[in-house]
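Some notes on the structure that comes next.
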Amino acid sequence: MGDPSYARICHNAHVSAIGITFAGLQLHSPLIGAAGTAGYTNELADAGSLGSLGAVTSKSLTGQPRDGNDLPRVIPLKAGMLNAIGLANMGIDRFLAERSEDPRTMPCRLFASVAGHSIDEYCLVAGRLDRETDIPLIEANVSCPNTSDGRAFSADPSAMRTLLCALRASVGRAKLFAKLPPDGDAVALAGAAMEAGVDGLTLCNTMPAMAIDVTTRRYRLANRRGGLSGPAVHAVAVRVVHDVRHQVTKGAVPIIGLGGVAAWDDAAELILAGADAVGLGTILLADPGAPRRIARGLERWLLGQGCHHLHELVGQVR
Ligand SMILES: Cc1cc2nc3c(=O)[nH]c(=O)nc-3n(C[C@H](O)[C@H](O)[C@H](O)COP(=O)(O)O)c2cc1C
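Under my numbering, think of the first position of the sequence shown as 168, with each following residue one higher.
Below you can see the structure in the form of structure tokens.
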């Protein structure tokens, strides 16, 4: 493999038949822990799940620590979850001081997610991650529905292109991904991200949503609005991944398909729609053992389809 740390990672991993080459990286599993649901680095280690994930993505990091929104900010729904965490995070300084990506204790890769109030803040955080760590992939969260300006950039393809061009200039070593929203014109946004020169796309973030307590007649979230995730958004993610893959990227850059995956066939559906790798979000909060179960299901599916490598199935819906 030519990458000594990867050799150690493979040694620790539970899964290998579904290994992929993704954005030039060797991952022993196509499953990626989604930002905000997998902690900062190795919180899933206790559940024994890291070995079944190819990578975990950090909580979105900003220039300064943030407390996030008032409580309540997470509520369960019949078909998923509504959250308005509001980008609570430890901030880039503490993350750089405390992060752990030692392959002996963390048997999968670490990706980092960045956010900010301004182009300068995004670039400062991403630039430091690029220069001061060897984290191989930086994901720009341009689609957070839970802060006043979290979607300022993804509301308009040209504003997003401007942000991503600036990030492109700040990130030279790591791969740069853009994480897009599930609503709005995904094809136009993905086209703008491609023009800015991103190395890949993550599809999708949570869907803006709301819940009301009919007895008290109050909003159930202190923030009133939040982001919907879990099974309720899965079919939306399948559609967005499909349209972006077939109309925009055409395989030129990899896609992480993300939204409502709870079982192996949800992951397989995203792969057939056009995802090269599959994110796991809400399911990690409900069932930290899910990655192993889903990875095993995908291995069986691969063999059942008569294929040797997952990439043979990417985008192969007919
Ligand atoms: C509690 C919670 C916190 C989240 N925090 C972040 C975050 O910090 N950055 C980000 O890009 N996405 C964040 N997300 C969105 C997830 O990464 C993912 O895009 C979304 O939940 C859809 O996937 P799922 O249906 O598998 O959960 C968060 C989601 C949840 C449920």
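Glycine residues also receive a C-beta, built at the ideal position from the N, C-alpha and C atoms. All values derive from a computational prediction rather than experimental measurement.
Closer than 7 Å: residue i CB and nearest ligand 1 heavy atom
i           : result
residue 428 : yes
residue 241 : yes
residue 201 : yes
residue 259 : no
residue 425 : yes
residue 396 : yes
residue 372 : yes
residue 315 : no
residue 346 : yes
residue 342 : no
residue 226 : yes
residue 250 : yes
residue 305 : no
residue 216 : no
residue 219 : no
Helix, strand or coil at residue i according to DSSP, with G and I counted as helix
i           : result
residue 325 : helix
residue 262 : helix
residue 482 : coil
residue 445 : strand
residue 397 : coil
residue 361 : helix
residue 240 : coil
residue 387 : coil
residue 456 : coil
residue 318 : coil
residue 405 : helix
residue 228 : strand
residue 356 : helix
residue 415 : helix
residue 186 : coil
residue 292 : helix
residue 252 : coil
residue 192 : strand
residue 298 : helix
residue 333 : helix
Residue i to residue j span [Cα, whole Å]
i           : j           : result
residue 247 : residue 458 : 18 Å
residue 243 : residue 377 : 12 Å
residue 255 : residue 228 : 9 Å
residue 249 : residue 396 : 7 Å
residue 303 : residue 278 : 6 Å
residue 236 : residue 282 : 15 Å
residue 200 : residue 226 : 10 Å
residue 485 : residue 245 : 32 Å
residue 305 : residue 342 : 6 Å
residue 207 : residue 273 : 12 Å
residue 482 : residue 385 : 44 Å
residue 429 : residue 301 : 31 Å
residue 182 : residue 419 : In this prediction, residue 182 has a pLDDT of 49, which is less than 50 and means its spatial position is unreliable; what the coordinates show is noted afterwards. Taking the straight line joining both Cα atoms gives about 27 Å.
residue 332 : residue 463 : 39 Å
residue 275 : residue 260 : 23 Å
residue 388 : residue 311 : 16 Å
residue 411 : residue 472 : 24 Å
residue 452 : residue 204 : 6 Å
residue 287 : residue 350 : 26 Å
residue 436 : residue 394 : 23 Å
residue 192 : residue 335 : 19 Å
residue 375 : residue 424 : 18 Å
residue 294 : residue 318 : 21 Å
residue 361 : residue 367 : 8 Å
residue 441 : residue 422 : 7 Å
residue 461 : residue 371 : 19 Å
residue 449 : residue 427 : 7 Å
residue 297 : residue 186 : 25 Å
Per-residue burial, residue i [other beta carbons within 10 Å of its own, 16 or more giving buried]
i           : result
residue 470 : exposed
residue 447 : buried
residue 476 : exposed
residue 233 : buried
residue 339 : exposed
residue 219 : buried
residue 416 : buried
residue 474 : exposed
residue 238 : exposed
residue 391 : exposed
residue 407 : buried
residue 315 : exposed
residue 365 : buried
residue 188 : exposed
Residue-level contact to chain C via CB, residue i, 8 Å cutoff
i           : result
residue 193 : In summary, chain C is missing from the structure at hand, where a single protein chain is found.
Stretch-stretch touch, CB-based, cutoff 8 Å, three pairs: the segment 398–416 with the segment 378–387:
Two segments are said to touch when three or more pairs of C-beta atoms, one from each, lie closer than 8 Å; by this definition the segment 398–416 does not touch the segment 378–387.
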